[in-house]
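Novice: One structure coming up, written as structure tokens, with questions to follow.
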Amino acid sequence: MATMQRGYVLHHRQFRESSVIVNLLIEGVGRVDAITRVGSGKRSIKSILQPFQPLIIQFSAKSEAKNLGLKNITHIEAAAPAMPLGGYSLYSGFYLNELLVRLLSVEHQAEGLFLDYHRALLALAKQFCSSHLRYFEMALLLELGALPSLSYDTQGDLLDKHCQYRFITESGFLPVVTTQESYFSHGKGCLSGAMLLALAAQDLQPDQFNQAKGLMRYLLNPLLGNKPLLSRQLFSKKAD
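The numbering used here puts the first residue of the sequence shown at 1, with every later residue one more than the last.
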């Protein structure tokens with residue numbers, strides 16, 4: 001008998017008249033793409049086949065779905081009420097989903113990301129804070145092998161909260177001189193050791209948010225390519 005698994009819908013699109021193709025994040029598995037019939041009337045699953053709705057799902061490999069490189073959903077039900085996201089927290093949830101759909105392939109399953117994602121949604125449901133996005137971005141980059149060491153610098157020494165660093169692609173964080181004389185030449189574009197250590201410990205302070213955001217965006221941009229993230233535009237419209 002097939003096992004029931006916990007999951008979330010990341011995105012779905014219509015497939016034929018009564019079916020949809022769904023991108024899912026499944027506990028213990030990672031990214032799964034599947035096909036399911038949505039049904040109609042009281043038997044319709046449209047109301048639960050939505051982002052941020054905790055689900056319990058059962059899969060099989062029917063021939064049609066298998067030929068399309070997809071799994072087939074044989075049973076799906078709500079596991080708990082949908083996460084109550086609104087405002088910036090809702091936009092943040094869409095941002096996390098878009099990151100996962102864009103960067104996480106079915107071949108790279110990323111078993112551990114489900115819990116990081118679930119925790120991020122729980123935190124955002126309580127109160128919006130950009131630090132929750134940074135911690136998930138960090139977990140995603142680690143899973144993709146694109147997160148530099150947040151413990152040691154390029155010289156093999158432990159990061160120092162009193163030092164400033166520059167990020168060197170494919171090398172890590174290079175310590176820079178921070179004397180008063182050199183501050184103006186080296187300060188711009190530098191990252192504080194205190195911020196890097198706080199990021200690693202998931203203990204960012206408000207005055208470190210912008211620097212952490214800049215670092216995460218710099219690390220993610222090469223993976224995302226030139227196509228802009230639609231979810232980032234939601235934040236811009238909200239700010240207007």
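C-beta: ideal position from N, C-alpha, C; glycine also.
Under a three-way DSSP split, which group does Ala123 fall into?
Specialist: DSSP places Ala123 in helix when its eight states are reduced to three.
Novice: Going by DSSP, name the residue or residues bridged to Leu174.
Specialist: In DSSP, Leu174 forms a bridge with Arg166.
Novice: If we ignore side chains and look at the alpha-carbon of each, how far apart do Leu133 and Leu230 end up?
Specialist: One C-alpha to the other measures close to 16 Å.
Novice: Tell me which same chain residues have a C-beta within less than 8 Å of the C-beta of Ala79, skipping the five on either side of it?
Specialist: So the list reads Arg6, Pro54, Leu55, Ile56, once near-sequence residues are dropped.
Novice: Using a threshold of 8 Å, state whether the C-beta atoms of Arg166 and Cys190 are closer than that.
Specialist: Against a cut-off of 8 Å, the Cβ pair of Cys190 and Arg166 comes out as a contact.
Novice: By DSSP, does Arg16 sit in helix, in strand, or in coil?
Specialist: Coil at Arg16, not helix or strand.
Novice: So which of Phe235, Gln58, Val38, Lys46 has the shortest CA-CA distance to Met4?
Specialist: That would be Gln58, whose Cα lies nearest to the Cα of Met4.
Novice: I believe Asn23 touches Val101 by the beta-carbon criterion, under 8 Å. Please report the beta-carbon distance rounded to the nearest angstrom.
Specialist: Right, the Cβ-Cβ distance comes to about 5 Å (below 8 Å), so this counts as a contact.
Novice: Start and end of the alpha helix (DSSP H) containing Phe94?
Specialist: That run of the alpha helix (DSSP H) goes 87-103.
Novice: For Leu220 versus Glu137, is the C-beta distance shorter than 8 Å?
Specialist: Contact flag set, yes.
Novice: Find out if the Cβ-Cβ distance for the pair Ala110, Leu85 is shorter than 8 Å.
Specialist: No, Cβ-Cβ distance for Ala110 and Leu85 is not below 8 Å.
Novice: I'd like to know if the stretch 116-124 and the stretch 157-164 are in contact, where contact means that at least 3 CB-CB pairs between them fall below 8 Å.
Specialist: Output reads no: the stretch 157-164 does not touch the stretch 116-124.
Novice: For Pro51, collect the residues of the same chain with a Cβ closer than 8 Å to its Cβ; drop the 5 residues on either side in sequence, then sort them by chain order.
Specialist: Excluding positions up to five away in sequence, the list reads Tyr8, Val9, Leu10, His11, Gly93, Phe94, Asn97.
Novice: Helix, strand or coil for Lys42? Go by DSSP, reduced to three states.
Specialist: Helix.
Novice: Report all residues from its chain with a CB closer than 8 Å to the CB of Glu17; omit the five preceding and five following residues, and keep chain order.
Specialist: Same-chain partners within the cutoff: there are none.
Novice: Suppose you measure from the CA of Cys129 to the CA of Ser47; what does that come to, to the nearest Å?
Specialist: Rounded to the nearest angstrom, the two C-alpha atoms are 28 Å apart.
Novice: Mind reading off the beta-carbon distance from Asn19 to Val32? Whole number of angstroms is fine, and I expect it under 8 Å.
Specialist: Sequence check: residue 19 is Ser here, not Asn. With a Cβ gap of about 16 Å, Ser19 and Val32 do not count as contacting.
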